Amino acid sequence: MTLRLARLPLIATCALLAWAGPASAQSSLSDTGKKKLPRLFAEAVSAAADSTVRVQADGKDASLGTIVSPDGYILTKGSEVRGAIAVVLRDGSAYDAEQVGYDRTSDLALLKIDADRLKPVTFAASKSAEVGNWVAAVGTGSEPIAVGVISAGARKLYGEQAFIENGNKGYLGINLGDPDDQEGVLITRVEPGAAAAKAGLKARDIIFQVAGKAVKNRDGLIELMEKYKPSDSVTVRVRRGDEEMDVLVKLGSKSDFDRGSFQNAMGGALSGRRTGFPMVIQHDTVIRPTDCGGPLVDLEGRVLGVNIARAGRVETWALPGDVAMKVYKDIRAAKSSSTVSK
Amino acid sequence: MIAARTLRPLAAAALLLAGFAAPLRADPTKPAWDAARTTSPETVEELKALQERVKQVVDKVTPTTVGLLVGMGAGSGVIVSEDGLVLTAAHVIGSKPGTDVRVILPDGTPVRGKTLGVNPKIDSGMLRITDKPPKSASWPGASEGKWPAAEIGTLPRFEPDPNDTGKKRLANVGQWVVALGHPGGPKRERRPPVRVGRFTQYNKSDSTLRTDCTLVGGDSGGPLFDLTGKVVGIHSRIGLFLEFNMHVPTEAFRDEWDKLAIGKVIGKPATVELGLTLDDEAEAPTVKAVAEGGPAATAGLKPGDVITKFHGERVHTADDLMQMLPGFSPNESVTIEVQRGDEVVTLKMKLGERKSRKKSRNPDE
């Protein structure tokens, strides 16, 4: 089945027909071969697996973590870790963890557990991540979680990919502008059939409150909307001409309206925070969002970086090791300079 | 006397140039990965051999992989001739030959192109780069105006079925392949990302290849390569599961190459009327008569005119001309070049609408 093109003004629609359903086959490969490959990576991952931990938030698996110091400092994917944090080492021992810092751009949180003589990773230079090299997403097992190849070497993100947002959040379906003469956010366009349209919001409405909180500008609105999920209902207060009114909006899902989002969602869950990183190494291993935060290694066992997002159907992203190391050092430096006495 | 320090970068540069022009060559001391192999690596050594082969292929073929911006849409393509012919998917370029395309080279440089023919049913399409290589281009042949071109190969290999004499069966499911393209559209400072996978199925009912190289919107029209670096498929569609990625086999292009190259929209009936009849004794499209008051008459075509170009594309036979018509819509203006005696005359024609009893079905786009 061909998907109709959704023509959204700001984003180029991406050509690829989506087709759901099997067709008759002449002969097929049931084992794609990639399933047998992880055992060949046992040696490549063994050292890094000792530096990998499971991070739990409020008792549930939230992410993986990468040990960066012998005395218990661990990097993980901060946006996935909310609530009471626990860390489980490879040997099964469990620790309560404290979050000592969070770097929003990299989405790395630095955790601290009360342990020592841990094995930290040594990161390789990002130029080691050569396109076409086999890589493995490391977990706490003797085999990697998944294997694949480097699709694109360490690069800076631009445009939409550079924007920090929660990609899984509830979708309003509006284009934003700035009102001339007042605080708030101008709705410049309402996507037909999406949540805002269904709720009766109109172009030229000015949003100035969401769930009772003041909305001063676009950044403010985006920040407020971050925490809502698809299907959540939220009251939006708007000014329409001389009138003010409350509009209850039941949020939808971007993938219902944006073809690119829809296709990216085909084949598995994506990380909520999957854009806006300082640099990324792109690879085609397939991991779950809860397996981000662990190391990425090559066949030589070099630790190329920390997996930071399942970013799309074709891509998982890792923060290059030097980026992760810098964030760790900066957070630690900030913490020690702000510590009065211990 | 050149200092030793200066010599090293020169030597390195020489090696790089030699490497580019040379065919794929493996380190003779290490076992090479057989491009035709259909099984998985069994040892770390074999994994490394496959890795080395993949990297050689990627180096060789990346220059031929392009991004395409057509109207509001983004897709991918692959250059297959030195004069700039590009293979892509029909749904990337649409059924309007002569449409402007921005072709994005791997380093992000945009050049111009125009769409040619498509076969919407199988999703094949062709376009031509109309610019010359940029001055900064450094690939072999760039200074002579040549584009880097991928060689075309065939992926599905059939052999006699031992269980069923007279029948053929697919012999190379499991063969390793590499997919390039521009998922999400061309991105700044991102060379076309590489995915590695295997040929998993040949779907006879719609003649597509299936691989487990993951694809997504923006990859359409991009190339699937075998491990000798030949393009064997063009990305077309995906299914719900990560393993469902479908490509148009290059044989499908080969079979209809000439038609695609002259801008034919294959499988679509013409909806336009020219208001002329051609001389069916002549090989070249020669006007026999023009209908009074019709499009050809209004444009100034006369009996005896030999039509040489239709909207910029050379037409050699009546068939060539007829095959171009499905790409056009009623009321469109086209330029027609004719040979009239010794003169070459260029005329402008507003196409009429064909009145037919049958309702023609427009393909989905």
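So the sequence lines, in the order shown, correspond to chains A and B.
Per my numbering, residue 174 is the first one in the first sequence, and the count goes up by one each step.
Per my numbering, residue 317 is the first one in the second sequence, and the count goes up by one each step.
Even glycine gets a Cβ: it sits at the ideal position worked out from N, Cα and C.
These figures come from a predicted structure and were not determined experimentally.
Rounded to a whole number of angstroms, what is the C-alpha to C-alpha distance between B:GLU567 and A:ILE258? The count along the second sequence starts at 1 and reaches residue 567 of chain B at position 251. The count along the first sequence starts at 1 and reaches residue 258 of chain A at position 85. So the two alpha carbons sit approximately 56 Å from each other.
Using 8 Å as the Cβ pair cut-off and three pairs as the minimum, do the region 366-376 of chain A and the region 335-342 of chain A touch? No, they do not touch.
What does A:ALA325 reach in chain B if we use C-beta pairs closer than 7 Å? Your numbering for residue 325 of chain A matches position 152 in the first sequence. Going along chain B in sequence order, the residues near A:ALA325 (Cβ under 7 Å) are ARG506, ARG507 and PRO509.
Neighbour list for B:GLY383 in chain A, Cβ cutoff strictly below 8 Å: Counting from one through the second sequence, the residue named residue 383 of chain B turns up at place 67. Within chain A, no residue has its CB atom less than 8 Å from the CB of B:GLY383, the nearest being about 10 Å off.
DSSP state of B:SER552 mapped onto helix, strand, coil: For the purposes of this step, residue 552 of chain B is taken as the residue at position 236 of the second sequence. In this structure, B:SER552 counts as strand in the three-state DSSP scheme.
Note down the Cα distance separating B:PRO611 from B:ALA487, rounded to an integer number of angstroms. The residue given as residue 611 of chain B occupies position 295 in the second sequence. The residue given as residue 487 of chain B occupies position 171 in the second sequence. So the two alpha carbons sit approximately 54 Å from each other.
Buried or exposed: which applies to A:SER266, given that a residue is buried once 16 or more other Cβ atoms fall within 10 Å of its Cβ? Position 93 of the first sequence, counting from 1, holds the residue named residue 266 of chain A. So A:SER266 ends up on the exposed side.
Proximal chain A residues relative to B:PHE557, where beta-carbon distance stays under 7 Å: The residue you call residue 557 of chain B lines up with position 241 of the second sequence. Ordered by position in chain A, the residues that pass the 7 Å Cβ test against B:PHE557 are GLY440.
For the putative contact between B:THR420 and B:LEU385, defined by C-beta atoms under 8 Å, what is the C-beta separation to the nearest angstrom? Along the second sequence, read from residue 1 onward, the residue named residue 420 of chain B stands at position 104. Along the second sequence, read from residue 1 onward, the residue named residue 385 of chain B stands at position 69. Residue 420 of chain B is actually Ile in this sequence, not Thr. By a beta-carbon distance limit of 8 Å, B:ILE420 contacts B:LEU385. Their separation comes to about 7 Å.
By the criterion of Cβ-Cβ separation under 7 Å, what are the contact partners of B:GLY614 in chain A? Locating residue 614 of chain B in the second sequence gives position 298, counting from the first residue. Before going further, note that residue 614 of chain B is Thr rather than Gly in the sequence given. Neighbours of B:THR614 in chain A, taken as residues at a C-beta separation under 7 Å, are lacking, since the least C-beta distance is about 36 Å.
Quick one: grab the DSSP three-state call for B:GLU567. The sequence position of residue 567 of chain B within the second sequence is 251, counting from 1. Helix at B:GLU567.
Which two residues bound the contiguous beta strand (DSSP E) that contains B:LEU366? Locating residue 366 of chain B in the second sequence gives position 50, where the first residue counts as 1. Taken as a continuous stretch (DSSP letters only), B:LEU366 belongs to no beta strand (DSSP E), being part of the alpha helix (DSSP H) at 360-377.
Residue ranges of each alpha helix (DSSP H) within the region 419-464 of chain B, 4 or longer: Inside the region 419-464 of chain B, DSSP marks no whole alpha helix (DSSP H) run of 4 or more residues.
Does B:GLY549 pass the burial test, meaning 16 or more other C-beta atoms within 10 Å, or should it be called exposed? For this step, residue 549 of chain B is matched to residue 233 along the second sequence. The residue in question, B:GLY549, is buried, as its Cβ has 16 or more Cβ neighbours within 10 Å.
For chain A, check one thing: does any of its Cβ atoms lie closer than 8 Å to the Cβ of B:GLU493? Here the question's residue 493 of chain B lines up with position 177 in the second sequence. Checking the sequence shown, residue 493 of chain B turns out to be Val, not Glu. No, B:VAL493 lies away from the interface with chain A (no Cβ there is under 8 Å from its Cβ).
Have a look at the DSSP bridge pairing and note the partners of A:HIS456. Taking the first sequence and counting its residues from 1, the one referred to as residue 456 of chain A is at position 283. DSSP output for A:HIS456 lists A:ILE323 and A:THR489 as bridge partner(s).
Using a C-beta cutoff of 8 Å, does B:THR645 count as contacting chain A? Walking along the second sequence from the start, residue 645 of chain B turns up at place 329. A quick correction: the sequence has Ser, not Thr, at residue 645 of chain B. No, its Cβ sits nowhere closer than 8 Å to a Cβ of chain A.
Rounded to the nearest angstrom, what separates B:ASP658 and B:VAL377 at their Cα positions? Counting from 1 along the second sequence, the entry for residue 658 of chain B is found at position 342. Counting from 1 along the second sequence, the entry for residue 377 of chain B is found at position 61. About 47 Å.
Within the continuous beta strand (DSSP E) that includes A:ARG410, where are the two ends? Sequence index remark: in the first sequence, residue 410 of chain A carries index 237 (1-based). 406-413 is the span of the beta strand (DSSP E), which, as asked, contains A:ARG410.
If you run the structure through DSSP and keep just helix, strand and coil, what is A:ALA196? Within the first sequence, residue 196 of chain A is the residue found at index 23, counting from 1. For A:ALA196, the predicted structure reports a pLDDT of 39, less than 50, and the residue's modelled location is therefore unreliable. A value from the coordinates is still provided. Residue state, collapsed to three classes: coil.
Does DSSP put A:GLU416 in a helix, a strand or coil? Residue 416 of chain A sits at position 243 when you count from the first residue of the first sequence. Looking at A:GLU416 - three-state DSSP - the assignment turns out to be strand.
How long is the line joining the alpha carbons of A:GLN199 and B:GLN517, rounded to whole angstroms? Against the first sequence, residue 199 of chain A aligns to sequence position 26. Against the second sequence, residue 517 of chain B aligns to sequence position 201. Unreliable positioning characterises A:GLN199 in this predicted model, as indicated by a pLDDT of 41, which lies under 50. A coordinate reading is not provided.
Could you tell me the alpha carbon to alpha carbon distance between A:SER510 and A:ASP503, rounded to whole angstroms? As a position in the first sequence, residue 510 of chain A is number 337, starting the count at 1. As a position in the first sequence, residue 503 of chain A is number 330, starting the count at 1. Our two residues, A:SER510 and A:ASP503, have alpha carbons roughly 10 Å apart in a direct line.
Pick helix, strand or coil for B:TRP349, following the three-state DSSP scheme. Position 33 of the second sequence, counted from the start, is the residue given in the question as residue 349 of chain B. The answer is coil: DSSP assigns B:TRP349 none of H, G, I, E or B.
Which chain B residues are close to A:LYS329, counting only those with a beta carbon under 9 Å from its beta carbon? Within the first sequence, the letter at position 156 stands for residue 329 of chain A. Those within 9 Å of A:LYS329 in chain B are ARG504 and GLU505.
Would you give the residue range spanned by the alpha helix (DSSP H) that A:GLY393 belongs to? Within the first sequence, the letter at position 220 stands for residue 393 of chain A. 391-398 is the extent of the alpha helix (DSSP H) around A:GLY393.
Keeping to the same chain, check which residues put their C-beta closer than 6 Å to that of B:THR593; ignore five residues upstream and five downstream. Locating residue 593 of chain B in the second sequence gives position 277, where the first residue counts as 1. Excluding positions up to five away in sequence, the list reads LYS604 and ALA605.
Leaving out five residues on either side along the sequence, give the residues of the same chain with a beta carbon under 8 Å from the beta carbon of A:SER324. For the purposes of this step, residue 324 of chain A is taken as the residue at position 151 of the first sequence. Counting only residues of its own chain and dropping the five nearest sequence neighbours on each side, A:SER324 has a CB closer than 8 Å to the CB of VAL304, GLN455, HIS456, ASP457, VAL487 and GLU488.
How far does the alpha helix (DSSP H) with B:ASP635 in it reach, from first residue to last? If you number the second sequence from 1, residue 635 of chain B lands on position 319. Counting along the chain, the alpha helix (DSSP H) containing B:ASP635 begins and ends at 634-640.
Got a sec? Which residues, its chain only, sit under 6 Å from A:ASP231 by beta carbon, not counting five neighbours each side? Counting from 1 along the first sequence, the entry for residue 231 of chain A is found at position 58. Within the same chain, A:ASP231 has close Cβ partners GLY256 and ALA257.
3-residue-minimum beta strand (DSSP E) runs that sit fully inside the region 351-384 of chain A, ordered along the chain: If we require 3 residues or more, the beta strand (DSSP E) runs fully inside the region 351-384 of chain A come out as 358-363 and 379-383.
By DSSP, does A:ILE504 sit in helix, in strand, or in coil? Stepping through the first sequence from its first residue, residue 504 of chain A is reached at position 331. Under the three-state reduction of DSSP output, A:ILE504 falls in the helix class.
Compute the distance between the beta-carbons of B:THR633 and B:PRO601, then report whether it is under 8 Å. As a working note, residue 633 of chain B is residue 317 in the second sequence. As a working note, residue 601 of chain B is residue 285 in the second sequence. Between B:THR633 and B:PRO601, the C-beta gap is smaller than 8 Å, which places the two residues in contact.
List the residues of chain C whose Cβ lies closer than 7 Å to the Cβ of A:GLY305, in chain order. This model lacks chain C altogether, as its protein chains are A and B.
With DSSP run on the structure shown, which of helix, strand or coil describes B:ILE582? Stepping through the second sequence from its first residue, residue 582 of chain B is reached at position 266. B:ILE582 sits in coil when the DSSP states are folded into three classes, being neither helix nor strand.
Would you say B:VAL661 reaches chain A, if we count a Cβ-Cβ gap shorter than 8 Å as a contact? Indexing the second sequence from 1 puts residue 661 of chain B at position 345. By this cut-off, B:VAL661 is not an interface position.
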